[in-house]
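Q: Chains as they are written, first to last, in this note's numbering: chain A, 1 to 255; chain B, 1001 to 1291. Ideal Cβ placement from N, Cα and C applies to all residues, glycine included. Bear in mind that the values here come from a model prediction, so they are computed numbers and not experimental data.
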């Protein structure tokens, strides 16, 4: 799909943060975070517990409003893309009610919300896209299964199928691989890399440093402030390797 | 046969009206109840049903036993409690159920005080238990109007309402309107409770909304089929309850709700989805013996 790639390269937004500060009551979650996620980049956010990783992703997806500072999500072409439709966000532990009586197909079809809104029909074309997306995440033919019949890994695959349908230029994933079986992690990581190849801007909160080293070109090491931000090789150097556990430990003791 | 099952409803106008009122209530309250169950708000309906009392009492003070004014009063009061509770839970850290409890208790106490200040105890009993056998044309129009409105509005907000139940975070990430659908839905709940209070009373109004919906959960796997089962349960409770009330001389409101209760317990025992029967027959492994 060469045209499609082209399209995303020009649409994928560049995100600039300026002096972002967020606190929950007296607890400071993020402090003077400044920097840029380049257009079409794949960045891992790492850091100890309570270092503000999730908060930063929530700021970008407009779930949390920073007390101070500003950020912009700009497309390289002049199209404004602050619109919600351009951003896909997968929260850390999704609050999906798994006992709710709907099918896999129905849940995945909500990825088309931006097109269908409340009323438009799910066309045969859309149903085909849903089937294709399920195929891509390895859940072919599971359209009519109930949500409560899925395992944790299968459910995460379903949520990724919905991300495919959302077709967003900016994708924010908050610890998508935590508590998921190895095979699923491998398949879903391949999907993330495919999205990266298509030129989308992707930001993923990660815990597994080996995976970060292997797959992510950029890394942001966060401990309420930016500790280090740049190419993964520079951020995760041998020298810093010693530094990271120390800083993990240090911030943990604040929690 | 005919004399027992049909004749009363054909020969007596007041029973005919009561029957029609029950059918209309079932059409509106059945689906609304299903969404209350699915949204895990079963007990919030209880809170709302109690909170309409002072509104009804104030309406009674202003214009005596005028159904329109009393219903309007109840609707406004229910809405005030719902909105206050919603706003408090959004602005402060209090959860929605707790803030509902706070406001509905104040409202209930206020309502009982108002009623006992001026009305006789008979009035209080009428408001608490309803008088389905004295349904007049005005009341029928109100109930039918609310049922019609409920079905139209639910059909309109069906998809966003479901998405807001299943995955509120996702809905928030694609649309900023989630809160509005919640308020529209709460308005429907209040409207249906007001429609039911005249016929079943504020204490019983919720019964026809919740019991059929909870029972339906044991038979249906989809939202639409739950709504269908809920309506069938609610309407048959209305019919059988009135029948029992006619032949045995029991009060009509509680009879209707008791039938709904029996249907719920039967569903709990022998339903096809996760009932006690399916759990027994299921593959629950024998517990290991410790020797």
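At the 8 Å Cβ level, is residue 130 (chain A) part of the contact set with chain B, yes or no?
A: So, not an interface residue.
Q: Hey, how far is the Cα of residue 129 (chain A) from the Cα of residue 151 (chain A)?
A: Approximately 23 Å between the Cα atoms of the pair.
Q: Give the residues of chain A in contact with residue 1072 (chain B), contact being defined as C-beta atoms less than 7 Å apart.
A: Per Cβ cutoff of 7 Å: no residues; residue 1072 (chain B) is ~29 Å from chain A at best.
Q: Relative to the C-alpha of residue 1269 (chain B), which residue among B:1230, B:1213, B:1082, B:1218 is closest?
A: Out of B:1230, B:1213, B:1082, B:1218, B:1218 has the C-alpha closest to the C-alpha of residue 1269 (chain B).
Q: Opposite residue 1165 (chain B) in the DSSP bridges: which residues?
A: Residue 1165 (chain B) is not bridged to any residue.
Q: To the nearest angstrom, how far is the alpha carbon of residue 1356 (chain B) from that of residue 1235 (chain B)?
A: Absent from the structure is residue 1356 (chain B), since the part of chain B shown begins at 1001 and ends at 1291.
Q: Counting only C-beta atoms, is residue 229 (chain A) closer than 8 Å to chain B at any point?
A: No, residue 229 (chain A) does not count as interfacial toward chain B.
Q: Using only the alpha-carbon positions, how far apart do residue 57 (chain A) and residue 157 (chain A) sit?
A: Answer to the nearest angstrom: the Cα atoms are 21 Å apart.
Q: Out of B:1272, B:1241, B:1189, which one is the CA nearest neighbour of residue 1030 (chain B)?
A: That would be B:1189, whose Cα lies nearest to the Cα of residue 1030 (chain B).
Q: Which residue marks the beginning of the beta strand (DSSP E) containing residue 29 (chain A), and which one marks its end?
A: It spans 27-37 - the beta strand (DSSP E) in which residue 29 (chain A) sits, taken as one unbroken run.
Q: Going along the chain, which residues of the region 1205-1228 of chain B sit with their C-beta nearer than 9 Å to a C-beta in chain A?
A: Listed by position along the chain: 1217, 1220, 1221, 1222, 1223, 1225, 1226.
Q: May I ask you to list the residues that DSSP assigns as paired with residue 133 (chain A)?
A: Bridge partners of residue 133 (chain A): none, in fact.
Q: Using the beta-carbon of each residue, which ones in chain B are nearer than 8 Å to residue 107 (chain A)?
A: By Cβ distance, chain B contributes 1166, 1167.
Q: Closer than 8 Å, CB to CB, is residue 1069 (chain B) near chain A or not?
A: No, residue 1069 (chain B) lies away from the interface with chain A (no Cβ there is under 8 Å from its Cβ).
Q: To the nearest angstrom, how far is it from the Cα of residue 213 (chain A) to the Cα of residue 1099 (chain B)?
A: Going from the Cα of residue 213 (chain A) to the Cα of residue 1099 (chain B) covers about 48 Å.
Q: Does the separation of the CB atoms of residue 1208 (chain B) and residue 1162 (chain B) fall below 8 Å?
A: No, Cβ-Cβ distance for residue 1208 (chain B) and residue 1162 (chain B) is not below 8 Å.
Q: Which residues of chain B have a Cβ atom closer than 7 Å to the Cβ of residue 89 (chain A), listed in chain order?
A: Result: 1173.
Q: Roughly how far, in whole angstroms, is the beta-carbon of residue 1074 (chain B) from the beta-carbon of residue 1194 (chain B), given that I think they are within contact range, below 8 Å?
A: The Cβ separation is near 5 Å, so the contact holds.
Q: Would you please verify whether the beta carbon of residue 80 (chain A) is less than 8 Å from any beta carbon of chain B?
A: Note on residue 80 (chain A): pLDDT 47, under 50, position unreliable in the model; the coordinate value appears next. It does not: the Cβ of residue 80 (chain A) has no partner Cβ on chain B nearer than 8 Å.
Q: Write down the C-beta distance between residue 1051 (chain B) and residue 1104 (chain B) rounded to the nearest angstrom, noting that I regard them as a contact closer than 8 Å.
A: Sure, about 4 Å apart at Cβ, within 8 Å.
Q: Residues in the region 1088-1106 of chain B with C-beta within 7 Å of chain A's C-beta atoms, listed in sequence order?
A: For the region 1088-1106 of chain B, which is checked against every Cβ of chain A, not one residue is closer than 7 Å.
Q: If we ignore side chains and look at the alpha-carbon of each, how far apart do residue 14 (chain A) and residue 164 (chain A) end up?
A: Distance between the alpha carbons of residue 14 (chain A) and residue 164 (chain A): 20 Å.
Q: Please report the straight-line C-alpha distance between residue 256 (chain A) and residue 1160 (chain B), rounded to a whole angstrom.
A: Because residue 256 (chain A) is not part of the residues shown, which for chain A are 1 to 255, the question remains open.
Q: What does DSSP give as the partner residue(s) for residue 230 (chain A) in the beta ladder?
A: According to DSSP, which records beta bridges pairwise, residue 230 (chain A) is partnered with A:219.
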